[in-house]
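To keep things clear, I will list the structure first and then write my remarks on it.
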Amino acid sequence: MHPLRHPRNAIFVGILFVVIGFVYWFVPYVGGWQLDYAGVTMLAALGIAMGLMAYVLIAGSPNE
Amino acid sequence: MTGDAHAIALQEHSPVAGVAHDERGGISNPVLGMILFITSEVMFFAGLFAAYFNVRANAPAWPPIPPTVTEELAEHFHHLKAEPWLALALTVILVLSSFTCQFAIWAIRQNDRTGFIRNIAVTVILGIVFLIGQGYDYTQLGFGLADGVFGTTFYTLTGFHGAHVFGGVIMLSVLLYRGMAGQFSARHHDAVEATSIYWHFVDVVWIALFSTLYIL
């Protein structure tokens, strides 16, 4: 199996969305603009969901 | 190498060892389906949490205080956060049930059917106790679904979670029935693995709910 196809790497897909969520919160926070807590929550949850999806796609594939 | 031995060898060297497999080394279909279902459930609860945080961030005070709500309602809202002891007890019960569910998984992986049935039965009982406790909590809160945005978000979040616990108890009861009928073994227990993943998810959601609604 190629090292990139290891299921543990799915976490990086999730982290990507969490980082985007953090930036989406951090930029308005520093700039003093309106904070969109709903959007931040959805992006954080999307990180979990996408991480699971990536896990399923990698780990669900047969080792052939 | 026989077909079974080949399948076991694949499982032992699989990067997803510990999760139910199909014979080619991937995740079994029931577990795969459950993980996909939980992915959608994550986004479902995310929508509810997002609505809650948005409402809370835009409220002048949280929990709402007069003149937004009456003195009596404000007192009930305050009481929810000041004395969350019943909800804390329910949290302990649900966390305990996750442990017993996992003990059941470990038992059936060792082909210990008695241990599996005992632990699943305890998990079902703890789930039912949680539901009864939540129902009792609702009768003591002093506010309802229609009592402002606080009441609406509180009952929507906890109500949908309670519905998921109810669904989980039904799934666990089916496992208990099937276990007592001798339908599970160390090699054939995909339904148990899938249900346990769901039950752990429901537990994690409750911890997030309890932290958000009762503590933060």
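Line by line, the protein sequences give chains A and B.
So the first sequence is residues 22 to 85, counted in this note's numbering.
So the second sequence is residues 101 to 316, counted in this note's numbering.
Yeah, the Cβ is synthetic: ideal placement off N, Cα and C, and Gly gets one too.
> Over what stretch of residues does the alpha helix (DSSP H) that includes B:D212 continue unbroken?
Replying inline: For the purposes of this step, residue 212 of chain B is taken as residue 112 along the second sequence, with counting starting at 1. B:D212 -> no alpha helix (DSSP H), and no H or E assigned at all.
> Taking C-alpha atoms, which residue in B:F301, B:A161, B:I307 lies nearest to A:I69?
Replying inline: By 1-based counting over the first sequence, the position of residue 69 of chain A is 48. The residue from B:F301, B:A161, B:I307 with its alpha-carbon nearest to that of A:I69 is B:F301.
>> On the DSSP letters alone, give me the boundaries of the alpha helix (DSSP H) that B:R317 sits inside.
In response: Outside the displayed range of chain B (101 to 316) lies residue 317 of chain B, so it cannot be described from this structure.
>> DSSP three-state label for B:V295, please.
In response: Here residue 295 of chain B refers to the residue found at position 195 when the second sequence is read from its first residue. First, the residue type needs correcting, since residue 295 of chain B is Thr and not Val in the sequence shown. In this structure, B:T295 counts as helix in the three-state DSSP scheme.
>> Suppose you measure from the CA of B:E141 to the CA of B:M271; what does that come to, to the nearest Å?
In response: Translated into positions along the second sequence, residue 141 of chain B becomes position 41. Translated into positions along the second sequence, residue 271 of chain B becomes position 171. Distance between the alpha carbons of B:E141 and B:M271: 16 Å.
> On the premise that B:L276 lies in contact with B:A221, defined as a C-beta separation below 8 Å, what is that separation, rounded to the nearest angstrom?
Replying inline: If you number the second sequence from 1, residue 221 of chain B lands on position 121. If you number the second sequence from 1, residue 276 of chain B lands on position 176. Their Cβ separation, rounded to whole angstroms, is 6 Å, which keeps B:A221 and B:L276 in contact under 8 Å.
> Under the rule that 16 or more other beta-carbon atoms within 10 Å means buried, what is A:V51, buried or exposed?
Replying inline: Position 30 of the first sequence, counted from the start, is the residue given in the question as residue 51 of chain A. Counting Cβ neighbours within 10 Å, A:V51 comes out exposed, since fewer than 16 surround it.
>> Against chain C, with Cβ distances strictly below 8 Å, would A:L37 count as a contact?
In response: The chain inventory of the structure shown lacks chain C, comprising the protein chains A and B.
> Around the C-beta of B:P167, are 16 or more other C-beta atoms found within 10 angstroms, so that it is buried, or is it exposed?
Replying inline: In the second sequence, the residue the question calls residue 167 of chain B occupies position 67. Note on B:P167: under 16 other CB atoms within 10 angstroms of its CB, so exposed under the neighbour-count rule.
>> Please identify, using Cβ separations under 7 Å, the residues of the segment 127-138 of chain B that lie next to chain A, in order along the chain.
In response: Cβ proximity to chain A below 7 Å picks out I127, L132, I135, L136, I138 from the segment 127-138 of chain B.
> In terms of alpha-carbon separation, which member of A:A75, A:A80, A:S82, A:Q55 lies closest to A:F38?
Replying inline: For this step, residue 38 of chain A is matched to residue 17 along the first sequence. Of the candidates A:A75, A:A80, A:S82, A:Q55, the one whose C-alpha sits nearest the C-alpha of A:F38 is A:A75.
> Which runs of the beta strand (DSSP E) spanning at least 3 residues fall entirely within the segment 226-301 of chain B, listed in chain order?
Replying inline: None, since the segment 226-301 of chain B contains no complete beta strand (DSSP E) of that length.
>> Please state whether the Cβ-Cβ distance between B:G233 and B:L190 is less than 8 Å.
In response: Position 133 of the second sequence, counted from the start, is the residue given in the question as residue 233 of chain B. Position 90 of the second sequence, counted from the start, is the residue given in the question as residue 190 of chain B. In this structure, B:L190 lies closer than 8 Å to B:G233 by Cβ.
> How many angstroms separate the CA atom of A:A31 from the CA atom of B:H176?
Replying inline: Reading the first sequence from its first residue, position 10 is the one you call residue 31 of chain A. Reading the second sequence from its first residue, position 76 is the one you call residue 176 of chain B. In this structure, the CA atom of A:A31 is about 44 Å from the CA atom of B:H176.
> Under 7 Å from any heavy atom of the ligand GTP, does the C-beta of B:V269 make it?
Replying inline: With respect to the ligand GTP, the structure offers nothing, as it holds no ligand at all.
> Taking the Cβ atom as the reference point for each residue, do B:L173 and B:L257 lie within a distance shorter than 8 Å?
Replying inline: By one-based count along the second sequence, residue 173 of chain B stands at place 73. By one-based count along the second sequence, residue 257 of chain B stands at place 157. Cβ atoms of B:L173 and B:L257: not closer than 8 Å.
>> Cβ closer than 8 Å: which chain A residues qualify as neighbours of B:V142?
In response: Residue 142 of chain B sits at position 42 when you count from the first residue of the second sequence. The answer, in chain order, is A66, I69, A70, L73.
>> With the cut-off set at 8 Å, would you say B:D237 and B:L186 are in Cβ contact?
In response: As a position in the second sequence, residue 237 of chain B is number 137, starting the count at 1. As a position in the second sequence, residue 186 of chain B is number 86, starting the count at 1. The answer is yes: Cβ separation under 8 Å.
>> Does the CB of B:F149 have a neighbour CB from chain A at under 8 Å?
In response: Along the second sequence, read from residue 1 onward, the residue named residue 149 of chain B stands at position 49. Contacts with chain A at 8 Å (Cβ-Cβ) include B:F149.
> Secondary structure at A:S82, three-state DSSP: helix, strand or coil?
Replying inline: Along the first sequence, one-based indexing puts residue 82 of chain A at 61. Coil, per DSSP.
> CA-CA distance, A:P49 and B:E293?
Replying inline: Mapped onto the first sequence, residue 49 of chain A falls at position 28. Mapped onto the second sequence, residue 293 of chain B falls at position 193. When rounded, the distance between both Cα atoms is 43 Å.
> Do you know offhand how far A:D57's Cα is from B:W162's?
Replying inline: By one-based count along the first sequence, residue 57 of chain A stands at place 36. By one-based count along the second sequence, residue 162 of chain B stands at place 62. The alpha-carbon separation between A:D57 and B:W162 amounts to approximately 17 Å.
>> Does B:H288 pass the burial test, meaning 16 or more other C-beta atoms within 10 Å, or should it be called exposed?
In response: Here residue 288 of chain B corresponds to residue number 188 of the second sequence, with the count starting at 1. When all chains shown are included, B:H288 counts as exposed.
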